[in-house]
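S.K.:
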Amino acid sequence: MRLTIGILLAVLFSPLAQAELIDEINDRGELRIAVLSDSPPYAFKEDEHLTGFEIELGQALAKELDVRAEFVETAAEEVLPGVESGKFDMAFNKQDVEPSDQLDTIRTLASQNLVIPYLKDNPAFETALNNALQRIKDDGRLADLESKWLKGSKQASAGQ
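Positions -19 to -1, 1 to 141 (mature numbering (1 follows the signal peptide of the UniProt record, and there is no 0)) are the ones given, in order, by the sequence shown.
1. Hey, out of Leu42, Ala50, Tyr23, whose CA is closest to Gly10's CA?
2. For Asp85 and Tyr99, which I take to be in contact (beta-carbon distance under 8 Å), what is that distance rounded to the nearest angstrom?
3. Once DSSP output is grouped into helix, strand and coil, what is the label at Asn111?
4. One question on the structure: do Arg13 and Phe73 come within less than 8 Å of each other, judged by their Cβ atoms?
5. Answer with buried or exposed for Ser18, where buried requires no fewer than 16 other C-beta atoms within 10 angstroms of its C-beta.
6. Gly67: buried (16+ other C-beta within 10 angstroms of its C-beta) or exposed?
7. Does the distance from the CB of Ala109 to the CB of Leu38 come in under 8 Å?
8. Grab me the residues of Arg116's own chain with a C-beta within less than 7 Å of its C-beta, minus the 5 sequence neighbours each way, in chain order.
9. In terms of DSSP beta bridges, what is Tyr23 paired with?
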């Protein structure tokens, strides 16, 4: 009996027994996204509500994943540690980041140099997120968001 309990505990605490991130998100019914609320036009407060490119993109991603988006305002230095610890499922980062060995990134929005960090070893989440982003691109919603929020940012950054 002791041996059986020991084997069972080893299986429960092995990496293979850990829940895939997409399963946790589905169970929770929400995608927790870290945002910096003071970085217009990406994410900022207007009339005490978060708005901007990242907010609308996060809502579109959550809708594609059939969950609600939960935006968590955080300081820049807490974003990656928060993703690593599981406080956030993902984040948007407009800069090139050097994530730790705990994180993977998806660089799908090269026109905006947008990086989406999330925990490593979550292939089902990565696939679901990539597929959701692809659908958002394919049906024109991404282009609409870029046009709405970022139309002047390319020219502004080129002039700097």
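Each residue gets a CB set at the ideal place from its N, CA and C atoms; glycine is no exception.
Remember, predicted model here, so these are calculated numbers, not experimental data.
M.R.: In brief:
1. Taking only the C-alpha atoms, the option nearest Gly10 is Ala50.
2. Contact annotation, Asp85 with Tyr99: C-beta distance approximately 6 Å; criterion of less than 8 Å satisfied.
3. In this structure, Asn111 counts as helix in the three-state DSSP scheme.
4. Not a contact, by the Cβ cut-off of 8 Å.
5. Burial of Ser18 is indicated by the presence of at least 16 other C-beta atoms within 10 angstroms of its C-beta.
6. Exposed is the call here.
7. Going by C-beta atoms, Ala109 is not nearer than 8 Å to Leu38.
8. Excluding the 5 residues flanking it on each side, Arg116 has same chain C-beta neighbours closer than 7 Å at Glu45, in chain order.
9. For Tyr23, DSSP assigns no beta-bridge partner whatsoever.
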